[in-house]
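A.B. asks: Mapped onto the numbering used here, the consecutive letters of the sequence shown carry residue numbers 142 to 204.
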Amino acid sequence: MKASQMRDQTMEELQDRERDLSEQLFALRLQKVTGQLEKPARVKQVRKDLARVLTILHQRQGK
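Here it is, written out as structure tokens:
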């Protein structure tokens, strides 16, 4: 999801998205350790999406 689309979401939606992405990242890391990860690039994508969400949340809290 693009940052511009994330900026249109409410705080609650962003917090839900943050929770979902954190859970996904945990699951992907677990799969990596157990050798079951099929798409290693997905880890990078989820990590960057999580960073985008956190950045937007912090920007809004500062206002």
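Glycine included, every Cβ here is placed at the ideal spot set by N, Cα and C.
Taking 9 Å as the cut-off, decide whether the C-beta atoms of R160 and L169 are in contact.
C.D. replies: On the sequence shown, residue 160 is found 19 positions in, with the first residue counted as 1. On the sequence shown, residue 169 is found 28 positions in, with the first residue counted as 1. Contact flag unset, no.
A.B. asks: Locate the alpha helix (DSSP H) running through Q200, then write down its first and last residues.
C.D. replies: Position 59 of the sequence shown holds residue 200. Where Q200 is concerned, the enclosing alpha helix (DSSP H) stretches over A182 to G203.
A.B. asks: Kindly indicate which three-state DSSP category L155 falls into: helix, strand or coil?
C.D. replies: Within the sequence shown, residue 155 is the residue found at index 14, counting from 1. Of the three classes helix, strand and coil, the one that applies to L155 here is helix, per DSSP.
A.B. asks: Going by the beta-carbon positions, is the gap between L155 and V187 smaller than 9 Å?
C.D. replies: Your numbering for residue 155 matches position 14 in the sequence shown. Your numbering for residue 187 matches position 46 in the sequence shown. No, the Cβ-Cβ distance between L155 and V187 is not below 9 Å.
A.B. asks: Start and end of the alpha helix (DSSP H) containing Q146?
C.D. replies: Against the sequence shown, residue 146 aligns to sequence position 5. Run containing Q146: A144 to R148, per the alpha helix (DSSP H) assignment.
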